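Reading the sequence shown from the start, the letters are residues 93 to 302 in our numbering. Even glycine gets a Cβ: it sits at the ideal position worked out from N, Cα and C. Bear in mind the structure is a predicted one, so any value in this text is a computation, not a measurement. Below is one structure; the comments refer to it alone.
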Amino acid sequence: MARKLKTYTTSAGFFDLAVAAPSMKAALQAWGSKNNLFQHGFAKVSDDPKIVASTMAHPGVVLRRPVGSTGAFSQHASLPTDLPVTRTERPAAKRTARKHEPPQKPFDEKAARESTRAFEQEQKRRDSERRKEEAIRQKERAHRERAIAAAESALEDGRREHEARLEEIEKERSALDKRAQAEDTRWRKQKDGLEASLRKARSGSHLRLV
């Protein structure tokens, strides 16, 4: 026997949400919620005939209406024009509406199977969209990682080239220092000889004068 769909409702931001799903878990997945809203009292099963009819006409599709309103749920709801001051009035309004609710129809197995099939198709469509979005994100991450790797490689190449040039300059500087030391040594020797010759010349000139 096909699993009967139920209508679940909650609120998110500026909208009330409703969806026909086979379980609370499926409803949470349709809403994209990672928290158990039912456990904390933020979501519940609805037996409002109008809401049930709207969701059963679109199994698995999240319907919306302005938060705090009592209008019909739809796939493309407008933002609320008059937000309620408190949310405590909503349950009272729903309780009043329930007084005029018609008796529920008996379980229709064929309709349940069709609704479940429609819900599963909607789930598959959402899963397909999620996979496509994830594939795009992975492609973007791969492109970003390649760009980062290329930039890091270029930076490393530039650093190695810089260090090689510094090493070459250091070698040239060391060679210049050695040449300077050799020149200084050569000059000291030459200077000593020239100074000795100068002293000798001065000494000979002094002797001739005497």
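Counting the other CB atoms within 10 Å of its CB gives I143 a total of 16 or more, which places it among the buried residues. Less than 7 Å divides the Cβ of G152 from the Cβ of E214. The alpha carbon of R209 has as its nearest neighbour, out of A122, G163, P114, the alpha carbon of P114.
Taken atom to atom, the span from the alpha-carbon of E206 to that of R233 is near 40 Å. Here D108 carries a strand assignment [DSSP, helix/strand/coil].
Only exposed fits K231, as fewer than 16 other CB atoms lie within 10 angstroms of its CB.
Of the other Cβ atoms in all chains shown, 16 or more fall within 10 Å of the Cβ of D108; this residue is therefore buried.
Annotation for A119: the continuous alpha helix (DSSP H) segment containing it runs 116-123. The alpha-carbon of F165 is positioned some 15 Å away from that of K98. Close CB contacts of A122 within its chain, under the 7 Å cut and outside five residues either way in sequence, are with V111, A113, G152, V154 (chain order). In the DSSP secondary-structure assignment, S103 is bridged to D108.
From the listed residues R157, K126, Q167, Y100, the smallest Cα separation to D139 is found for Y100. Counted as a single uninterrupted DSSP element, the stretch harbouring V154 is not any alpha helix (DSSP H), since DSSP gives it neither H nor E. When the beta-carbon positions are compared, V159 and S103 come within less than 7 Å of each other.
Burial check for H235: the Cβ neighbour count within 10 Å stays below 16, so the residue is exposed. Of the residues assessed, A119 falls on the buried side of the cut-off, its CB having 16 or more other CB atoms within 10 angstroms. Here A169 is near R157, since their CB atoms are less than 7 Å apart. The beta carbon of S146 is closer than 8 Å to those of A110, L155, A164, F165, S166 in its chain, skipping five residues each way along the sequence. In the DSSP assignment, A135 forms a beta bridge with T102.
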